[in-house]
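All residue numbers for the sequence shown refer to the numbering used here, where the first residue is 376 and numbers rise by one.
All C-beta atoms in this analysis are idealised placements derived from N, C-alpha and C, irrespective of residue type, glycine included.
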Amino acid sequence: MVAVPQPAPSSIYAARRQALMEAIGPTGVVVVRSLPERVRNGDSHYAFRQQSDVLYLTGFAEPDTTVILRPGAEQDRVVMFVRPRDPAMEVWDGRRAGLEGAKALYGADAAYPAAELATRLPELICNFEELHYAVGLDEDTDLLIARTVARLRKTEKRGQRPPRAIVDPRAALHELRLRKAPDELHALRKAAAISCDAHVAAMRQGRPGTFEYELEATIDYTFRSRGGAGPGYGTIVGAGENATVLHYVENRCAVADGDLVLVDAGCEYNHYTADITRTWPANGRFSPAQRKVYELVLAVQKSAIELAAPGVTLDEIHQHCVRGLTAGMIELGLLTGTVDERVADLAYKRFYMHLTSHWLGLDVHDAGAYTVGGKPRPLEPGMVITVEPGLYIAADCEDAPAELRGIGVRIEDDILITTDGRENLTAACPKDVADLEAICA
376 MVAVPQPAPS SIYAARRQAL MEAIGPTGVV VVRSLPERVR NGDSHYAFRQ
426 QSDVLYLTGF AEPDTTVILR PGAEQDRVVM FVRPRDPAME VWDGRRAGLE
476 GAKALYGADA AYPAAELATR LPELICNFEE LHYAVGLDED TDLLIARTVA
526 RLRKTEKRGQ RPPRAIVDPR AALHELRLRK APDELHALRK AAAISCDAHV
576 AAMRQGRPGT FEYELEATID YTFRSRGGAG PGYGTIVGAG ENATVLHYVE
626 NRCAVADGDL VLVDAGCEYN HYTADITRTW PANGRFSPAQ RKVYELVLAV
676 QKSAIELAAP GVTLDEIHQH CVRGLTAGMI ELGLLTGTVD ERVADLAYKR
726 FYMHLTSHWL GLDVHDAGAY TVGGKPRPLE PGMVITVEPG LYIAADCEDA
776 PAELRGIGVR IEDDILITTD GRENLTAACP KDVADLEAIC A
């Protein structure tokens with residue numbers, strides 16, 4: 376039986392809200408809002424996915440939602456603006472929780488129709504010192520906040536003044552999201568397990584003559600059939616030289632005999648996403664040149680994972696990968712000189728142009744600052760990162776050895792930092808040469 380995602384208990388969201396309100400203190404007020412639904416074409420919209428801060432604080436997944444937290448208020452500390460119940464619209468678009476559901480199921484002390492946000496916002500944020508709000512996500516909401524502040528300036532003599540400062544939510548809210556609680560890790564582990572199954576399914580199917588979009592369909596089917604919501608980001612299936620394009624998402628070409636196939640895909644489960652990349656031979660056998668490149672990236676990736684532990688920084692992990700890959704590039708004939716020289720002049724970036732790691736959680740590039748006090752942030756237990764070195768040799772790179780041109784390899788795993796080291800959440804997804812050749816044969 377497929378495990379169907381279940382919403383987290385309301386107590387978990389209440390604890391998150393309480394932690395945030397304690398972090399900002401009684402003089403702060405938080406405003407988080409869902410991003411608008413987007414038109415795909417004509418009158419058809421893209422599938423809606425709730426803004427992650429709203430999900431983190433409430434679990435509420437409906438569009439046109441605003442959450443306001445007021446820790447210093449005597450009453451109505453948690454206020455939500457949501458779509459009201461509307462039987463006629465619910466026939467077309469599905470059931471709504473409404474104002475009653477926002478209070479009974481999602482922890483709101485007070486709930487109002489979404490259309491009343493502009494009218495009620497001034498009284499809800501006035502006289503607080505700090506407004507914690509993410510400027511730049513949505514122009515319409517930015518304008519609403521600006522107009523509300525301007526309106527409150529005019530009423531200051533009557534006792535309603537605007538917040539003195541607007542504070543980036545990364546200062547408090549995103550710090551909480553950075554360290555994953557047990558319920559979050561459960562969702563991430565499930566997302567990882569489903570993603571591993573999907574990658575193996577693609578490996579088994581991806582013979583020469585298969586189209587990249589067929590493999591994408593197999594991956595998406597596996598995500599949904601195992602209980603996931605679908606992909607947590609745009610699935611990448613790049614065969615042959617397409618694997619040298621970092622964010623190749625067209626997925627429209629046929630897989631040719633002799634191609635390596637790079638698949639970067641992660642399932643979203645209960646709103647948390649995995650992020651796995653594997654590269655494998657379509658015909659079941661690495662060529663000698665492909666194997667050299669692949670084994671270089673694999674060795675660097677494995678050693679980088681072993682570095683991940685409390686106190687280590689993502690910058691240290693990245694620099695380890697840069698030096699290891701640069702040494703390999705020199706050995707392969709892609710670069711000349713010494714490792715120190717090629718790292719210093721950034722020549723390695725021709726073939727390894729991205730960073731090695733990012734945070735992972737509700738978003739594939741999850742919330743959380745990468746520096747503290749201007750310095751790289753040390754890893755802590757509960758943080759989840761990716762480790763994804765790669766090597767990309769363009770097909771038209773004329774000064775590269777001919778046998779290496781058009782080879783792209785990336786290998787990515789999801790790593791939980793623990794008190795004594797690390798846990799590879801995606802270890803079940805094969806990546807050793809012998810295992811890949813056995814599956815793809």
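Starting from residue 790, trace the beta strand (DSSP E) both ways and give me its first and last residue. 788-793
From this set, 707, 553 and 699, which residue's C-alpha is nearest residue 744's C-alpha? 553
Please identify the residue among 446, 445, 458 and 390 whose C-alpha is closest to the C-alpha of residue 409. 458
Going by Cα to Cα distance, which pick from 583, 541 and 426 is closest to residue 517? 541
Meets three-Cβ-pair contact criterion under 8 Å: the segment 488-506 and the segment 450-466: yes
Return the chain-ordered ranges of every alpha helix (DSSP H) run that is complete within the segment 390-465 and spans a minimum of 4 residues. 427-433
Residues of its chain near residue 452, where Cβ-Cβ distance is below 8 Å and the 5 sequence neighbours each way are ignored: 396, 444, 445, 446 and 484
Between the alpha carbons of residue 714 and residue 639, how many angstroms are there, rounded? 29 Å
Buried or exposed, going by whether 16 or more other CB atoms sit within 10 Å of the CB of residue 533? exposed
Local conformation of residue 667 per DSSP, three classes: helix
Beta-carbon proximity of residue 814 to residue 762, cut-off 8 Å: no
Quick check: residue 499 and residue 737, are their CB atoms within less than 8 Å of each other? no
Can you give me the Cβ contacts of residue 732 inside the same chain, cut-off strictly under 8 Å, excluding the 5 residues immediately before and after it? 689, 692, 693, 760, 761, 762 and 763
Given 8 Å as the limit, is there contact between the segment 603-613 and the segment 636-651, that is, 3 or more CB pairs closer than that? yes
With burial defined as no fewer than 16 other Cβ atoms inside 10 Å of the residue's Cβ, what is the status of residue 467: buried or exposed? exposed
If you draw a straight line from the alpha carbon of residue 629 to that of residue 580, how long is it in whole angstroms? 13 Å
For residue 809 and residue 571, believed in contact at Cβ under 8 Å, the rounded distance: No, residue 571 and residue 809 are not in contact; Cβ-Cβ is about 18 Å, not under 8 Å.
Straight-line gap, residue 406 to residue 399 (C-alpha atoms, nearest Å): 12 Å
Taking only three categories from DSSP, how would you classify residue 598? helix
On the DSSP bridge assignment, give the partners of residue 485 in chain order. 454
Cβ atoms of residue 660 and residue 812: under 8 Å apart, would you say? yes
Considering only DSSP beta bridges, list what residue 653 is partnered with. 638
From the DSSP output, in three-state form, read off residue 510 for me. coil
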